[in-house]
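Step one of this worksheet: look at the structure below.
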Amino acid sequence: MTKFIETAATFLSYACAILTVTTFVIFVGFLVSHGLTTINLSLFFGDVSPYDALFGNAPVWDGIWPAVVGTALLVFFSCILAVPLGISAGIFLAEYTVSRPIRSIIDFAIDLLAGMPSIIMGLFGFAMVLFLRKTFLPEANTCLLLSSVCIAFLVLPYLIRTTQTALVALPAAVRLTGIGLGFTKWQNILHVLIPLSSRGIMSGVILSIGRAAEDTAVILLTGVVANSGLPGAITDKFEALPFTIYYLAAEYRTPEELNRGFGAALVLLILTGTLFQAANWLHNRISGESR
Amino acid sequence: MATFRQNSFFQGTSETVIKTGLFFATLVAAFVVIVIFGFICYFALPIFHEEQISTVLSWSWKPVQGQFGIIPMAIGSICLGATSMCLAFPVGLGVCCCASGLAPKWFSSLILLVVRLMTSVPTVVYGFVSVFLLVPMVRGAFHHGTGFSWLAASITLSALVLPTVVLLIHTQFEQIDPGIRLTAAALGFKRVSQIVWVLIPASYQALFAAGILGFGRAVGDTIISLMLAGNAPQIPDSLLDSIRTLTAHIALVVSTEAGSSSYNSLFASGIILFGMSAAVNGTLRFIRLGARVSRDFNK
Numbered sequence: 044m045t046k047f048i049e050t051a052a053t054f055l056s057y058a059c060a061i062l063t064v065t066t067f068v069i070f071v072g073f074l075v076s077h078g079l080t081t082i083n084l085s086l087f088f089g090d091v092s093p094y095d096a097l098f099g100n101a102p103v104w105d106g107i108w109p110a111v112v113g114t115a116l117l118v119f120f121s122c123i124l125a126v127p128l129g130i131s132a133g134i135f136l137a138e139y140t141v142s143r144p145i146r147s148i149i150d151f152a153i154d155l156l157a158g159m160p161s162i163i164m165g166l167f168g169f170a171m172v173l174f175l176r177k178t179f180l181p182e183a184n185t186c187l188l189l190s191s192v193c194i195a196f197l198v199l200p201y202l203i204r205t206t207q208t209a210l211v212a213l214p215a216a217v218r219l220t221g222i223g224l225g226f227t228k229w230q231n232i233l234h235v236l237i238p239l240s241s242r243g244i245m246s247g248v249i250l251s252i253g254r255a256a257e258d259t260a261v262i263l264l265t266g267v268v269a270n271s272g273l274p275g276a277i278t279d280k281f282e283a284l285p286f287t288i289y290y291l292a293a294e295y296r297t298p299e300e301l302n303r304g305f306g307a308a309l310v311l312l313i314l315t316g317t318l319f320q321a322a323n324w325l326h327n328r329i330s331g332e333s334r
Numbered sequence: 010m011a012t013f014r015q016n017s018f019f020q021g022t023s024e025t026v027i028k029t030g031l032f033f034a035t036l037v038a039a040f041v042v043i044v045i046f047g048f049i050c051y052f053a054l055p056i057f058h059e060e061q062i063s064t065v066l067s068w069s070w071k072p073v074q075g076q077f078g079i080i081p082m083a084i085g086s087i088c089l090g091a092t093s094m095c096l097a098f099p100v101g102l103g104v105c106c107c108a109s110g111l112a113p114k115w116f117s118s119l120i121l122l123v124v125r126l127m128t129s130v131p132t133v134v135y136g137f138v139s140v141f142l143l144v145p146m147v148r149g150a151f152h153h154g155t156g157f158s159w160l161a162a163s164i165t166l167s168a169l170v171l172p173t174v175v176l177l178i179h180t181q182f183e184q185i186d187p188g189i190r191l192t193a194a195a196l197g198f199k200r201v202s203q204i205v206w207v208l209i210p211a212s213y214q215a216l217f218a219a220g221i222l223g224f225g226r227a228v229g230d231t232i233i234s235l236m237l238a239g240n241a242p243q244i245p246d247s248l249l250d251s252i253r254t255l256t257a258h259i260a261l262v263v264s265t266e267a268g269s270s271s272y273n274s275l276f277a278s279g280i281i282l283f284g285m286s287a288a289v290n291g292t293l294r295f296i297r298l299g300a301r302v303s304r305d306f307n308k
């Protein structure tokens, strides 16, 4: 019996591992075989020449350029909001102390935020618009700014925890040298600890960029639309890569549009793949050094 | 000397200012979740008035006839989360066993590389590929409906949560394996016996945590169920039926602008999801606490 269970376990484990690898290879193979040939200039810019598109001389209607720009703006604005806040909070949690009950409440709140389904952030943004309409801003509507705020909330816990982990992982010798030489606490943090943990902090920032670029549920509720072109202001609606993919999967009318969907999906996969692997690499390098 | 004293005075002040600033940032971050909860509760408040609660907590969703029940969606969420985990958990455990020494070195690094690459796939890309690859396969294999079904969504969702399960269990295996390996080897255990009879039983807490966390992820995901599950608000009879989850329901109600009369169900769904995610979080905290206690006890 024991022998049978062990043989079965070995066999099943191999089966699971092979299933996982095969599924992933088929998945990527399918996407690459359909998407690779579509990746060229006209996928991005349609019929408009790249020069005109880049300088805003002509709007792009049949390319994914507006979606790329929309995603870039979304990532940019949400990082402006989230990165300073997240890194500050991470530094505080790693280096300063508060009383135990306050600390555990803060920890619980941040863990809760980290586990929150992204659609809840979107619903929060939607509720905020309803609230503003009722109170002091009757013309409030979903827009790029609102999406950026909600995405910022979404990535905030990643930033806090990676910063915190990177700082806590520093050896005690490093921590005490600066203090021993007469640095104040903040001087030591700013000039010694942060530079030494910069790789870990960077990995958190890159991870957040990836999360902000891939999330669909939040922007779905807070202002993304299918064909708006480039946003003229931060209060405009916008296009984004993940939403374009979602939209084309359901609403494509021509084979060209379907191909554009495959191209956009492959572009997004390459983008997030690069970002996440970069974050991973940075993270592994710090944990390798501290050992 | 005077300048020195002045400097140290300023330094003392700026140290306090910086600490206060950082503390303030931390408080803002912690308050975000409270604000979100507050907003959703505020908008869900009308449900608790009058007979609204029975309207929302009913079995049928027919907005045109004034029936706004979200129970089918709640059941849909739980069904989809459960079936995805039924697939993802055993496969994840098998992958971990393989990666922890059952398989040769090159194969285990290959699996771990694949799992790490899987973490970077956006959900919408999984959804997109499944719409054109998996859904036609399901439709062709069973000749039932459109293929947009509970089954198609479960398979894709299990691919999404697999890395979560694998990485959590694998971390735990790596932590306790060095201590177990030598003892068990000295007792004459083969590698497979070590894993089956020692390593897995010794990390039951991590297995439990991985199950809970994966379930939370699966229930919280919007795009895959929205794209693949068909979104019919019904109690499913079979795996090939179409179902609608709470997350997809929120997205659909907002995007179809069904009017403010259906907003009650929107925020009720929001509260249920918030509650589920809080419950998952609380359970994980509890497990971690239990793990710490038992470790201290063993020392």
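From first to last, the protein sequence lines are chains F and V. With this note's numbering, letter number 73 in the first sequence gets 116, and the count goes up by one each step, no holes. With this note's numbering, letter number 63 in the second sequence gets 72, and the count goes up by one each step, no holes. We treat Cβ as the ideally placed atom computed from N, Cα and C, and that holds for glycine. On a predicted model such as this, the values are computed, not experimentally measured, just so you know.
- As the crow flies, the alpha-carbon of Gln203 (chain V) is around 6 Å from that of Ala193 (chain V).
- Val68 (chain F) sits exposed, since fewer than 16 C-beta atoms from the chains shown fall within 10 Å of its C-beta.
- Cα atoms of Arg297 (chain V) and Pro102 (chain F): separation of roughly 54 Å, rounded to the nearest angstrom.
- Of all residues in the region 125-155 of chain V, only Arg125, Leu126, Met127, Thr128, Ser129, Val130, Pro131, Thr132, Val133, Val134, Tyr135, Gly136, Phe137, Val138, Ser139, Val140, Phe141, Leu142 come within less than 9 Å of chain F when Cβ atoms are compared, listed by chain position.
- Neighbourhood of Gly30 (chain V) in chain F, by CB distance below 8 Å: Ser131, in chain order.
- Relative to Arg226 (chain V), the option among V:Thr35, V:Phe276, V:Phe77, V:Phe283 whose CA is nearest is V:Phe283.
- Taking C-alpha positions only, Leu176 (chain V) is separated from Asn323 (chain F) by approximately 13 Å.
- The residues Pro81, Asp250, Ser251, Ile252, Arg253, in chain order, have a CB closer than 8 Å to that of Gln243 (chain V) in the same chain once the five nearest residues on each side in sequence are set aside.
- With respect to chain V, the C-beta atom of Glu49 (chain F) has a partner C-beta closer than 8 Å.
- About 7 Å separates the beta carbon of Met159 (chain F) from that of Val42 (chain V), a gap short enough to meet the 8 Å contact definition.
- Excluding residues up to 5 positions away in sequence, Leu255, Ile281 lie with their Cβ nearer than 7 Å to the Cβ of Ala83 (chain V) in the same chain.
- Ile79 (chain V) sits in coil when the DSSP states are folded into three classes, being neither helix nor strand.
- By the rule that beta-carbons nearer than 8 Å mark a contact, Ala288 (chain V) does not touch chain F.
- By the C-beta density criterion, Glu257 (chain F) is buried, having at least 16 other C-beta atoms within 10 angstroms.
- For Cys107 (chain V), the chain F residues whose C-beta falls within less than 8 Å of its own C-beta are Ser56, Tyr57, Cys59, Ala60, listed in chain order.
- Taken in chain order, the whole alpha helix (DSSP H) runs of length 4 or more contained in the region 102-171 of chain F are 108-138, 143-158.
- In summary, the residues of the region 186-219 of chain F whose CB is separated from some CB of chain V by less than 7 Å are Phe196, Leu199, Ile203, in the order they occur in the chain.
- A Cβ-Cβ contact shorter than 8 Å links Ser240 (chain F) with Ala209 (chain F).
- Here Ile164 (chain V) is buried: its Cβ has 16 or more other Cβ atoms, across all protein chains shown, within 10 Å.
- Between the region 275-285 of chain F and the region 178-192 of chain F there are three or more inter-stretch CB-CB distances shorter than 8 Å, so the stretches are counted as touching.
- Interface residue (Cβ-Cβ distance to chain V less than 8 Å): Trp324 (chain F) is not classified as such.
- The bridge partners DSSP lists for Lys71 (chain V) are V:Gln76.
- For Met146 (chain V), the enclosing alpha helix (DSSP H) has its first and last residue at 132-151.
- In the three-state reduction of the DSSP assignment, Phe87 (chain F) falls in the helix class.
- Under the DSSP assignment, Cys193 (chain F) falls in the alpha helix (DSSP H) whose first and last residues are 187-211.
- For Pro145 (chain V), the CB contacts under 8 Å within the same chain, skipping 5 residues up- and downstream, are Gly156 in chain order.
- For the C-beta of Trp104 (chain F), not a single chain V residue is nearer than 7 Å; the gap to the nearest is close to 21 Å.
- For Glu183 (chain V), the enclosing alpha helix (DSSP H) stretches over residues 159-195.
- In this model, Leu155 (chain F) and Phe88 (chain F) are separated by some 41 Å (Cα to Cα).
- Setting aside the 5 residues that flank it on each side, Leu197 (chain F) is surrounded in the same chain by Ser161, Met164, Arg254, Asp258, Val261, each with a C-beta closer than 7 Å to its C-beta; the list follows chain order.
- Close to Ser264 (chain V), with beta-carbon spacing below 9 Å, are these residues of chain F in chain order: Leu263, Leu264.
- Only residues of its own chain outside the window of five on either side were considered, and among them Ser69 have a CB closer than 6 Å to the CB of Gln76 (chain V), listed in chain order.
- Annotation for Thr50 (chain F): the continuous alpha helix (DSSP H) segment containing it runs 45-78.
- Proximity of Pro181 (chain F) to chain V, defined by a Cβ-Cβ separation below 8 Å, is not satisfied.
- Per DSSP, the beta-bridge partners of Gly239 (chain V) are V:Ile252.
- Under a criterion of Cβ atoms nearer than 8 Å, no residue of chain V is adjacent to Ala101 (chain F); the nearest Cβ is some 28 Å distant.
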